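Worksheet: the structure to be examined is printed underneath.
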Amino acid sequence: MATSTLSNDDFHRNSADQHLEIFGLIWLDADVNIKEIRNTEQQFRSIINHLKKFQDVKQCQQYIEERSQKDRLVLIVSGRLGREIVPSIHKLRQVISIYVYCMDKKSNEQWSCEFAKVKAVVVELDELVSRIKTDHKIQKKVEEPLSISVLNTSIDTGKSTIGVNGEFVFSQVLIDCLLRLKSTQTDINELINYLKNEYEGPLRAPAIDIHPNATWRQDGITVAGGNGKGNELNKLDNPHGLYVDDDQTIYVADYLNHRIVAWKYGATSGQVVAGGNGEGNGTNQLHRPHDVIVDKERDSLIISDAGNYRVVRWPRRNGASGETIISHIDCMGLILDQTGSLYVSDCAKQKVLRYRIGDFGGTLVADSVGIGHCIDQLYNPCYVFVDQDRSVYVSDSGNYRVMKWEEGAKEGIVVEGGPEQINDFSKMHGRTGVVVDQLNTVYVADYYNHRIIRWPKGATQGSVIAGGNGRGKGSNQLFFPQGLSFDRYGNLYVVDQGNCRVQKFNIKQMTN
Numbered sequence: 058m059a060t061s062t063l064s065n066d067d068f069h070r071n072s073a074d075q076h077l078e079i080f081g082l083i084w085l086d087a088d089v090n091i092k093e094i095r096n097t098e099q100q101f102r103s104i105i106n107h108l109k110k111f112q113d114v115k116q117c118q119q120y121i122e123e124r125s126q127k128d129r130l131v132l133i134v135s136g137r138l139g140r141e142i143v144p145s146i147h148k149l150r151q152v153i154s155i156y157v158y159c160m161d162k163k164s165n166e167q168w169s170c171e172f173a174k175v176k177a178v179v180v181e182l183d184e185l186v187s188r189i190k191t192d193h194k195i196q197k198k199v200e201e202p203l204s205i206s207v208l209n210t211s212i213d214t215g216k217s218t219i220g221v222n223g224e225f226v227f228s229q230v231l232i233d234c235l236l237r238l239k240s241t242q243t244d245i246n247e248l249i250n251y252l253k254n255e256y257e258g259p260l261r262a263p264a265i266d267i268h269p270n271a272t273w274r275q276d277g278i279t280v281a282g283g284n285g286k287g288n289e290l291n292k293l294d295n296p297h298g299l300y301v302d303d304d305q306t307i308y309v310a311d312y313l314n315h316r317i318v319a320w321k322y323g324a325t326s327g328q329v330v331a332g333g334n335g336e337g338n339g340t341n342q343l344h345r346p347h348d349v350i351v352d353k354e355r356d357s358l359i360i361s362d363a364g365n366y367r368v369v370r371w372p373r374r375n376g377a378s379g380e381t382i383i384s385h386i387d388c389m390g391l392i393l394d395q396t397g398s399l400y401v402s403d404c405a406k407q408k409v410l411r412y413r414i415g416d417f418g419g420t421l422v423a424d425s426v427g428i429g430h431c432i433d434q435l436y437n438p439c440y441v442f443v444d445q446d447r448s449v450y451v452s453d454s455g456n457y458r459v460m461k462w463e464e465g466a467k468e469g470i471v472v473e474g475g476p477e478q479i480n481d482f483s484k485m486h487g488r489t490g491v492v493v494d495q496l497n498t499v500y501v502a503d504y505y506n507h508r509i510i511r512w513p514k515g516a517t518q519g520s521v522i523a524g525g526n527g528r529g530k531g532s533n534q535l536f537f538p539q540g541l542s543f544d545r546y547g548n549l550y551v552v553d554q555g556n557c558r559v560q561k562f563n564i565k566q567m568t569n
C-alpha cells in the first residue's frame, strides 16, 4: 500500500491563535484517509490546531523523534501499528498521551496496559473525540497555566511583539513587575481561592458540562456485573447507587451482597473495597449499603450503610474496616459539595441534612413539614445532588418528582415531574437517581418505567435519553434503574438494578 504523509507546513493552524502552540496531534493508521476518519478531522482540529497524519511507522517515529522536547504531542494510533511504535516512542518527553483506536478493544488493552501514556483504548470515534477533548483541557492547564495576550506594534513599522523574542521580553517584564509587587494577605487568599476553583477537578467533582442538544447511543455497554445475580466477583445482587471516578473506575453499592465493589475501566470482575464480610453491624461489615461516593481529599469512601442506619467512612485503599460518622439515620443518598460538606437524605424523617467539615450535628437544608405533596414537604426522599450554588436537588420518590431547595430556603421548587402534571413524561413512578448539569437540566431515573429522563430547566415535560423500550435485559433496555452518574466525558452510567448490572451509554459527539 502506498504511504502518504503531510509536510510540516500541512499542519492545520487556526489563524485566530495568538500564542505559540506547543500541542500537536498525530494520527498513525494504515486507513487514516478513509472517509469516516476524514470527517472527524475537523472535530480534532477544533481541539488541537495542529494535526498530522501518517500511514508508515518509520516516518511517524522519525517525525516524533525530531520534534523538540518542548513540544507536546498527542498520538492516535491503530492497534496493529501501535504495537510497533509505542514501545519505541513511549519514553520520549514530547509524547504526552497516546490513544489506541481499534476494532478489538480487549486484545489491545492487554498489550497497552504496560504503557502509562496510553490513556484509552476505544472503538468508537465519538468516544475518541470526547476523551481527547476532555483530557486536553487538563493538559492545557498543566502546560499553559498562564495565558497572556501579546500586543502588536504598528504594522507599518514591520515589527511585532508576537514573535518569539517579543513574547520573551514581554514575559520577562511581567515577571519582574510581579516580583516587585507587595502582596497582602487578601491577595494571597484570593490567589489560593482562584487556584482551588481553577484546579478543583482532581479533588472535587466539577460542574457537569453537557451540551443542551447532546444525545447518547441507545445500546448500552455493560461495564459492571451482567452475569446474573450472585456474590462472585463478576456478579452483583440488587445494586443501588454508584460513583464514577475520573479514571472511569466504577464504585457500586452491591446492596444484597453487603459490600462496595470497584470495577476498573475495562475490567470483567470487581474488587471488594468495603464490607464483603457478610451482613452485620461490625466495623468490617455493611448491611444493605444504598449509596457510595469518593472523598478524594481524604482518599476514602463514604457509604450510606442503610441497613445499619448509619453513614460510614472507609479507607479507599486496603481498608479493613470503616468508622461511623453519622448514626441513627435512614440514609438513602449522599453527596459532597465543592467545599467538602456532606449532604445526606434521611428517608424516615423526610429531610436532607448538611454536615460541614468538623460538624458533629447536621444542618437542615430540606425539611419536610410532615409527609405530603406540598412544596414544603417530602415523601421518601432518596438520592440527592448539589450544584455549584449549593442548591440541593432531591429525588422525592413518593411524590413522583424532583425538588430543588435553594440554600436557606424554607420550601422547595418542583423542577421535574409531580403528580399534578398530565403529560406522559410526568406520569413517572419512583424517582431514584438524580443528576443536574451546568444548565440546571435534570436527569432522573424513572424506576418503574425503566428509563432515564432528561428534563430541561423550565420545561413542562422531559424526553427519554436511555431505556424506555420496556422492561428487559437487551442492550437498549433497563429493568428498575437506580443510581445514575456521568463521567467527565459526558457518558451516562446507570445502575440497572433488575438486571444486576451497570450500563454505560456513550455520548454522541456533537458536530459543528
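According to our numbering, the sequence shown holds residues 58 to 569 in order.
The C-beta atom is built at its ideal place from N, Cα and C for all residues, glycine as well.
All of these numbers come straight from a predicted model, not from anything done at the bench.
Give the secondary structure of residue i by DSSP, where H, G and I count as helix, E and B as strand, and everything else as coil.
i	result
P144	helix
R508	strand
L293	strand
L208	Caution is warranted here: a pLDDT of 46 is assigned to L208, below 50, making its placement in the model unreliable, and the coordinate value is therefore given only provisionally. Of the three classes helix, strand and coil, the one that applies to L208 here is coil, per DSSP.
E274	Sequence inspection shows Arg at residue 274; the Glu mentioned does not correspond to that position. If DSSP states are grouped into helix, strand and coil, R274 belongs with coil.
V559	strand
L313	helix
I265	coil
I307	strand
R137	helix
R528	strand
T420	strand
L260	Low per-residue confidence applies at L260: pLDDT is 39, beneath 50, and the placement is therefore not dependable, though the value from the model is reported in the following sentence. The answer is coil: DSSP assigns L260 none of H, G, I, E or B.
D244	helix
R237	helix
Y251	helix
V230	helix
Q539	strand
Do residue j and residue i have their beta-carbon atoms positioned less than 8 angstroms apart in this structure?
i	j	result
G332	Q342	yes
D362	H385	no
Y500	L541	yes
N334	Y312	no
K565	T279	no
V493	G474	no
R374	L358	no
Q151	D544	no
D192	S154	yes
Q407	Q445	no
T325	N291	yes
G419	N437	no
S520	G490	no
I105	G81	yes
Q434	S425	yes
K530	N556	yes
Please report the Cβ distance between residue i and residue j, rounded to the nearest whole angstrom; I am assuming they are in contact, meaning their Cβ atoms lie under 8 angstroms.
i	j	result
S402	I414	The pair is not a contact, with the Cβ atoms about 20 angstroms apart (cut-off 8 angstroms).
H297	V552	6 angstroms
A405	H347	13 angstroms between Cβ atoms; not a contact.
I133	Y158	6 angstroms
R511	C439	Not really, about 19 angstroms apart at Cβ, beyond 8 angstroms.
V301	Y546	Wrong, their Cβ atoms sit about 10 angstroms apart, outside the cutoff.
V422	G390	Contact doesn't hold; Cβ gap of about 13 angstroms is too wide.
How about residue i: is its C-beta nearer than 8 angstroms to some C-beta of chain B?
i	result
A87	No chain B is part of this structure, which consists of one protein chain only.
Between which two residues does the alpha helix (DSSP H) harbouring residue i extend?
i	result
R95	92-95
K115	114-123
E473	Not the alpha helix (DSSP H): E473 falls in the beta strand (DSSP E), residues 470-474.
Q100	98-102
Which two residues bound the contiguous beta strand (DSSP E) that contains residue i?
i	result
D403	399-403
F111	108-111
L393	391-393
K286	First-last for K286: undefined, no H or E at that position.
R411	408-412
V426	Unbroken run through V426: none, as it is neither H nor E.
V330	328-332
- Query: Quick one: complete beta strand (DSSP E) runs, 3+ long, within the region 341-384?
  - Reply: Listed in chain order, they are 346-352, 357-362, 367-372, 380-384.
- For the region 154-199, which segments carrying the alpha helix (DSSP H) assignment without a break, of at least 4 residues, lie completely within its bounds, in sequence order? The region 154-199 contains, as complete alpha helix (DSSP H) runs of 4+ residues, the segments 162-169 (chain order).
- Message: Which complete beta strand (DSSP E) runs does the region 437-473 hold, if anything under 3 residues is left out?
- Response: Counting only runs of 3 or more, we get 438-443, 449-453, 458-462.
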